[in-house]
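Engineer: Sharing a structure, written as C-alpha coordinates. Questions coming.
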Amino acid sequence: MSSSSKPPADTPPASFIDVELEKLLNREATAFNREVEVERILKAFKLNPYDILDIEENASQEAVKRRYRQLSLFIHPDKTSHARAPEAFDILKKAESELSDKDKREDLDAVINQARSMILKAMNLPLSTPNTDPQLTGIEPPYKVRLRLQSNELLIDEEVRRRKAIKMNLANEGLEARKKDEEVAAKKRKAQDDKQWEDNREQRVDSWRTFSKDTRKKKKTKVAILG
0 MSSSSKPPAD TPPASFIDVE LEKLLNREAT AFNREVEVER ILKAFKLNPY DILDIEENAS
60 QEAVKRRYRQ LSLFIHPDKT SHARAPEAFD ILKKAESELS DKDKREDLDA VINQARSMIL
120 KAMNLPLSTP NTDPQLTGIE PPYKVRLRLQ SNELLIDEEV RRRKAIKMNL ANEGLEARKK
180 DEEVAAKKRK AQDDKQWEDN REQRVDSWRT FSKDTRKKKK TKVAILG
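Residues in the sequence shown are numbered consecutively from 0, following numbering that gives the first Met the number 0.
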(Lines of atoms letter the chains of each structure in order from A; the text may use other names.)
(Lines give C-alpha, C1' and ligand atoms only; values in the text may rest on other atoms or scores of the structure.)
Protein backbone atom coordinates (compact mmCIF):
# COMPACT_ATOMS: atom_id res chain seq x y z
CA MET A 0 0.00 0.00 0.00
CA SER A 1 1.37 3.36 -1.02
CA SER A 2 1.80 6.01 1.70
CA SER A 3 1.03 8.91 -0.68
CA SER A 4 -2.56 10.20 -0.45
CA LYS A 5 -4.58 10.93 -3.55
CA PRO A 6 -7.02 13.90 -3.72
CA PRO A 7 -10.68 13.00 -3.53
CA ALA A 8 -12.26 12.17 -6.85
CA ASP A 9 -14.55 15.28 -6.68
CA THR A 10 -11.68 17.75 -6.11
CA PRO A 11 -11.30 20.10 -9.15
CA PRO A 12 -7.90 20.24 -10.81
CA ALA A 13 -5.44 22.96 -9.80
CA SER A 14 -5.70 24.64 -13.20
CA PHE A 15 -9.46 25.09 -12.74
CA ILE A 16 -8.96 26.62 -9.29
CA ASP A 17 -6.40 29.05 -10.70
CA VAL A 18 -8.81 30.14 -13.46
CA GLU A 19 -11.66 30.70 -11.00
CA LEU A 20 -9.37 32.61 -8.64
CA GLU A 21 -8.23 34.77 -11.52
CA LYS A 22 -11.86 35.50 -12.46
CA LEU A 23 -12.66 36.44 -8.85
CA LEU A 24 -9.66 38.77 -8.63
CA ASN A 25 -10.58 40.36 -11.95
CA ARG A 26 -14.14 40.97 -10.78
CA GLU A 27 -12.88 42.58 -7.58
CA ALA A 28 -10.41 44.70 -9.53
CA THR A 29 -13.13 45.76 -11.96
CA ALA A 30 -15.49 46.67 -9.12
CA PHE A 31 -12.72 48.70 -7.49
CA ASN A 32 -11.95 50.48 -10.79
CA ARG A 33 -15.62 51.31 -11.26
CA GLU A 34 -15.70 53.01 -7.86
CA VAL A 35 -12.48 54.86 -8.63
CA GLU A 36 -13.98 56.16 -11.88
CA VAL A 37 -17.16 57.26 -10.10
CA GLU A 38 -15.02 59.22 -7.64
CA ARG A 39 -13.02 60.78 -10.48
CA ILE A 40 -16.18 62.00 -12.22
CA LEU A 41 -17.60 63.39 -8.97
CA LYS A 42 -14.36 65.32 -8.34
CA ALA A 43 -13.98 66.53 -11.94
CA PHE A 44 -14.36 70.24 -12.68
CA LYS A 45 -18.08 70.54 -13.39
CA LEU A 46 -17.81 73.53 -15.75
CA ASN A 47 -15.48 71.66 -18.13
CA PRO A 48 -17.10 68.69 -19.93
CA TYR A 49 -13.71 67.67 -21.33
CA ASP A 50 -12.48 67.23 -17.77
CA ILE A 51 -15.51 65.15 -16.81
CA LEU A 52 -15.17 62.85 -19.83
CA ASP A 53 -11.36 62.88 -19.44
CA ILE A 54 -10.90 63.50 -23.15
CA GLU A 55 -8.76 65.81 -25.28
CA GLU A 56 -10.18 69.20 -26.31
CA ASN A 57 -9.64 68.40 -30.01
CA ALA A 58 -11.55 65.10 -29.83
CA SER A 59 -13.98 64.51 -32.69
CA GLN A 60 -17.71 64.31 -32.04
CA GLU A 61 -17.59 60.56 -32.67
CA ALA A 62 -14.77 60.21 -30.15
CA VAL A 63 -16.85 62.12 -27.58
CA LYS A 64 -19.83 59.82 -28.09
CA ARG A 65 -17.63 56.72 -27.96
CA ARG A 66 -15.98 57.88 -24.74
CA TYR A 67 -19.36 58.62 -23.20
CA ARG A 68 -20.69 55.17 -24.11
CA GLN A 69 -17.63 53.51 -22.56
CA LEU A 70 -17.83 55.45 -19.30
CA SER A 71 -21.62 55.31 -18.98
CA LEU A 72 -21.55 51.51 -19.28
CA PHE A 73 -18.59 51.24 -16.93
CA ILE A 74 -20.08 53.29 -14.07
CA HIS A 75 -23.75 52.51 -14.66
CA PRO A 76 -25.58 52.36 -11.30
CA ASP A 77 -26.66 48.80 -12.14
CA LYS A 78 -23.02 47.72 -12.36
CA THR A 79 -21.50 49.37 -9.31
CA SER A 80 -22.50 49.53 -5.66
CA HIS A 81 -21.13 53.04 -5.20
CA ALA A 82 -23.81 55.11 -3.43
CA ARG A 83 -23.23 58.14 -5.67
CA ALA A 84 -23.06 56.27 -8.96
CA PRO A 85 -26.42 57.74 -10.12
CA GLU A 86 -25.08 61.26 -9.49
CA ALA A 87 -21.89 60.52 -11.44
CA PHE A 88 -23.96 59.03 -14.25
CA ASP A 89 -26.05 62.22 -14.50
CA ILE A 90 -22.91 64.40 -14.50
CA LEU A 91 -21.46 62.29 -17.30
CA LYS A 92 -24.66 62.58 -19.35
CA LYS A 93 -24.73 66.37 -18.92
CA ALA A 94 -21.11 66.64 -20.08
CA GLU A 95 -21.81 64.60 -23.22
CA SER A 96 -24.92 66.66 -23.92
CA GLU A 97 -22.98 69.93 -23.70
CA LEU A 98 -20.24 68.71 -26.04
CA SER A 99 -22.91 67.48 -28.47
CA ASP A 100 -24.43 70.98 -28.56
CA LYS A 101 -22.61 72.83 -31.35
CA ASP A 102 -23.05 76.31 -29.85
CA LYS A 103 -22.11 75.28 -26.32
CA ARG A 104 -19.02 73.46 -27.51
CA GLU A 105 -17.93 76.43 -29.62
CA ASP A 106 -18.29 78.71 -26.58
CA LEU A 107 -16.29 76.28 -24.46
CA ASP A 108 -13.57 75.94 -27.12
CA ALA A 109 -13.35 79.74 -27.37
CA VAL A 110 -12.60 79.94 -23.63
CA ILE A 111 -9.97 77.18 -23.93
CA ASN A 112 -8.36 78.97 -26.90
CA GLN A 113 -8.26 82.15 -24.83
CA ALA A 114 -6.54 80.21 -22.03
CA ARG A 115 -4.01 78.83 -24.53
CA SER A 116 -3.26 82.33 -25.82
CA MET A 117 -2.69 83.59 -22.28
CA ILE A 118 -0.22 80.78 -21.56
CA LEU A 119 1.72 81.32 -24.79
CA LYS A 120 1.89 85.08 -24.22
CA ALA A 121 3.15 84.54 -20.67
CA MET A 122 5.92 82.35 -22.13
CA ASN A 123 6.69 84.89 -24.87
CA LEU A 124 5.79 82.33 -27.52
CA PRO A 125 3.89 83.04 -30.74
CA LEU A 126 0.23 82.01 -30.81
CA SER A 127 1.01 79.71 -33.71
CA THR A 128 3.24 77.53 -31.52
CA PRO A 129 2.04 73.89 -31.84
CA ASN A 130 1.34 71.81 -28.76
CA THR A 131 4.17 69.46 -29.79
CA ASP A 132 6.77 72.22 -29.62
CA PRO A 133 9.65 71.25 -27.27
CA GLN A 134 9.18 74.52 -25.41
CA LEU A 135 5.72 73.28 -24.39
CA THR A 136 6.36 69.58 -23.97
CA GLY A 137 9.29 70.07 -21.61
CA ILE A 138 7.80 72.49 -19.08
CA GLU A 139 6.67 71.91 -15.49
CA PRO A 140 3.86 71.82 -14.61
CA PRO A 141 3.04 70.12 -17.94
CA TYR A 142 1.41 72.22 -20.63
CA LYS A 143 -1.85 70.23 -20.52
CA VAL A 144 -2.12 70.78 -16.78
CA ARG A 145 -1.52 74.51 -17.21
CA LEU A 146 -4.11 74.67 -19.98
CA ARG A 147 -6.74 72.93 -17.86
CA LEU A 148 -6.05 75.17 -14.87
CA GLN A 149 -6.12 78.38 -16.91
CA SER A 150 -9.26 77.23 -18.72
CA ASN A 151 -10.96 76.44 -15.43
CA GLU A 152 -10.17 79.92 -14.09
CA LEU A 153 -11.72 81.52 -17.16
CA LEU A 154 -14.74 79.23 -16.97
CA ILE A 155 -15.25 80.21 -13.33
CA ASP A 156 -15.15 83.89 -14.32
CA GLU A 157 -17.71 83.21 -17.06
CA GLU A 158 -19.97 81.38 -14.63
CA VAL A 159 -19.75 84.21 -12.08
CA ARG A 160 -20.71 86.75 -14.76
CA ARG A 161 -23.56 84.52 -15.91
CA ARG A 162 -24.95 84.17 -12.40
CA LYS A 163 -24.67 87.91 -11.78
CA ALA A 164 -26.55 88.57 -15.01
CA ILE A 165 -29.28 86.14 -13.98
CA LYS A 166 -29.49 87.75 -10.56
CA MET A 167 -29.71 91.21 -12.12
CA ASN A 168 -32.38 90.05 -14.55
CA LEU A 169 -34.37 88.54 -11.71
CA ALA A 170 -34.03 91.79 -9.75
CA ASN A 171 -35.20 93.79 -12.77
CA GLU A 172 -38.05 91.38 -13.32
CA GLY A 173 -38.96 91.75 -9.66
CA LEU A 174 -38.93 95.55 -9.99
CA GLU A 175 -41.12 95.39 -13.08
CA ALA A 176 -43.46 93.00 -11.31
CA ARG A 177 -43.74 95.39 -8.35
CA LYS A 178 -44.47 98.29 -10.70
CA LYS A 179 -47.20 96.29 -12.41
CA ASP A 180 -48.64 95.29 -9.04
CA GLU A 181 -48.67 98.93 -7.96
CA GLU A 182 -50.36 99.95 -11.22
CA VAL A 183 -53.00 97.25 -10.79
CA ALA A 184 -53.56 98.29 -7.17
CA ALA A 185 -53.89 101.95 -8.21
CA LYS A 186 -56.45 101.03 -10.88
CA LYS A 187 -58.40 99.01 -8.34
CA ARG A 188 -58.40 101.90 -5.87
CA LYS A 189 -59.60 104.28 -8.60
CA ALA A 190 -62.33 101.86 -9.62
CA GLN A 191 -63.43 101.54 -5.99
CA ASP A 192 -63.40 105.33 -5.55
CA ASP A 193 -65.44 105.78 -8.75
CA LYS A 194 -67.95 103.17 -7.63
CA GLN A 195 -68.23 104.75 -4.20
CA TRP A 196 -68.76 108.17 -5.86
CA GLU A 197 -71.57 106.74 -7.98
CA ASP A 198 -73.09 104.89 -5.03
CA ASN A 199 -73.18 108.15 -3.02
CA ARG A 200 -74.64 110.21 -5.88
CA GLU A 201 -78.21 110.12 -4.53
CA GLN A 202 -77.00 110.98 -1.04
CA ARG A 203 -75.09 113.98 -2.42
CA VAL A 204 -78.14 115.10 -4.44
CA ASP A 205 -80.39 114.79 -1.39
CA SER A 206 -77.89 116.75 0.70
CA TRP A 207 -77.75 119.49 -1.94
CA ARG A 208 -81.54 119.67 -2.14
CA THR A 209 -81.80 119.91 1.62
CA PHE A 210 -79.11 122.59 1.71
CA SER A 211 -80.83 124.58 -1.07
CA LYS A 212 -84.20 124.31 0.66
CA ASP A 213 -82.83 125.51 3.98
CA THR A 214 -81.09 128.39 2.23
CA ARG A 215 -84.36 129.55 0.60
CA LYS A 216 -86.17 129.38 3.94
CA LYS A 217 -83.54 131.53 5.60
CA LYS A 218 -83.79 134.12 2.82
CA LYS A 219 -87.60 134.29 3.17
CA THR A 220 -87.29 134.71 6.94
CA LYS A 221 -84.88 137.60 6.51
CA VAL A 222 -87.16 139.30 4.00
CA ALA A 223 -90.13 138.96 6.35
CA ILE A 224 -88.19 140.51 9.22
CA LEU A 225 -87.13 143.45 7.10
CA GLY A 226 -90.68 144.00 5.87
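We treat Cβ as the ideally placed atom computed from N, Cα and C, and that holds for glycine.
Which residue's Cα is closest to the Cα of HIS75: ASN32, ASP100, GLU61 and ALA190?
Structural biologist: Position 76 of the sequence shown holds residue 75. HIS75 has its Cα closest to that of ASN32, out of ASN32, ASP100, GLU61 and ALA190.
Engineer: Name the two residues that bound the continuous alpha helix (DSSP H) containing GLY173.
Structural biologist: On the sequence shown, position 174 is the one that residue 173 refers to. Note, GLY173: alpha helix (DSSP H), 142-198.
Engineer: Considering Cα atoms alone, identify which of ARG68, GLN149, GLU61 and PRO48 is closest to LYS93.
Structural biologist: Against the sequence shown, residue 93 aligns to sequence position 94. Among ARG68, GLN149, GLU61 and PRO48, the Cα nearest to that of LYS93 belongs to PRO48.
Engineer: Are there 16 or more other CB atoms within 10 angstroms of the CB of ILE138, so buried, or fewer, so exposed?
Structural biologist: Your numbering for residue 138 matches position 139 in the sequence shown. Per the 10 Å Cβ criterion, exposed.
Engineer: Can you give me the C-alpha to C-alpha distance between VAL110 and SER150, rounded to a whole angstrom?
Structural biologist: One-based indexing of the sequence shown puts residue 110 at position 111. One-based indexing of the sequence shown puts residue 150 at position 151. One C-alpha to the other measures close to 7 angstroms.
Engineer: Give the secondary structure of PHE44 by DSSP, where H, G and I count as helix, E and B as strand, and everything else as coil.
Structural biologist: Residue numbering aside, residue 44 sits at position 45 when the sequence shown is read from its first letter. PHE44 falls in the coil class under three-state DSSP.
Engineer: Are LYS64 and LEU72 closer than 9 angstroms when you measure CB to CB?
Structural biologist: On the sequence shown, position 65 is the one that residue 64 refers to. On the sequence shown, position 73 is the one that residue 72 refers to. No; because the gap between Cβ atoms is not below 9 angstroms, this pair is not in contact.
Engineer: Identify, in the order they occur along the chain, each residue of the same chain with its Cβ nearer than 8 angstroms to the Cβ of ALA30, setting aside the five sequence neighbours on each side.
Structural biologist: For the purposes of this step, residue 30 is taken as the residue at position 31 of the sequence shown. Only THR79 and SER80 meet the Cβ criterion.
Engineer: For the alpha helix (DSSP H) holding LEU70, just list the boundary residues, first then last.
Structural biologist: Translated into positions along the sequence shown, residue 70 becomes position 71. Looking at the DSSP string, the run of the alpha helix (DSSP H) that includes LEU70 is 60-73.
Engineer: Using alpha carbons as the reference points, say which of LEU119, GLU61, GLU34 and LEU148 lies closest to ALA82.
Structural biologist: Along the sequence shown, one-based indexing puts residue 82 at 83. When only C-alpha atoms are compared, the closest one is GLU34.
Engineer: Would you tell me roughly how many angstroms separate the C-alpha atoms of ALA184 and GLN191, rounded to the nearest one?
Structural biologist: Taking the first residue of the sequence shown as 1, we reach residue 184 at position 185. Taking the first residue of the sequence shown as 1, we reach residue 191 at position 192. Roughly 10 angstroms between the two C-alpha positions.
Engineer: Touch check for the segment 91-105 and the segment 120-138: three-plus C-beta pairs under 8 angstroms?
Structural biologist: Segments in contact, no.
Engineer: Beta carbon of LEU52, beta carbon of ILE155: below 9 angstroms?
Structural biologist: Locating residue 52 in the sequence shown gives position 53, counting from the first residue. Locating residue 155 in the sequence shown gives position 156, counting from the first residue. Cβ atoms of LEU52 and ILE155: not closer than 9 angstroms.
Engineer: Alpha carbon to alpha carbon, how far is GLN202 from ARG188?
Structural biologist: Against the sequence shown, residue 202 aligns to sequence position 203. Against the sequence shown, residue 188 aligns to sequence position 189. So the two alpha carbons sit approximately 21 angstroms from each other.
Engineer: Looking only at its chain, what residues have a beta carbon closer than 7 angstroms to the beta carbon of GLN113, apart from the 5 residues adjacent to it on each side?
Structural biologist: By 1-based counting over the sequence shown, the position of residue 113 is 114. Here the set comprises LEU153.
Engineer: Helix or strand or just coil, what does DSSP make of ASP53?
Structural biologist: The residue labelled residue 53 in the question sits at position 54 within the sequence shown. Coil.
Engineer: Could you check which residue in ASN57, GLU172 and LYS194 has the C-alpha nearest to that of LEU227?
Structural biologist: For the chain, the structure presents residues 0 to 226; residue 227 sits outside this window and is missing.
Engineer: Mind checking which residues open and close the alpha helix (DSSP H) that includes ARG136?
Structural biologist: As a working note, residue 136 is residue 137 in the sequence shown. In the sequence under discussion, the amino acid at residue 136 is Thr, which differs from the Arg named in the question. Where THR136 is concerned, the enclosing alpha helix (DSSP H) stretches over 133-136.
Engineer: Alpha carbon to alpha carbon, what distance is there between LEU119 and LEU148?
Structural biologist: By one-based count along the sequence shown, residue 148 stands at place 149. By one-based count along the sequence shown, residue 119 stands at place 120. Roughly 14 angstroms separates the two Cα atoms.
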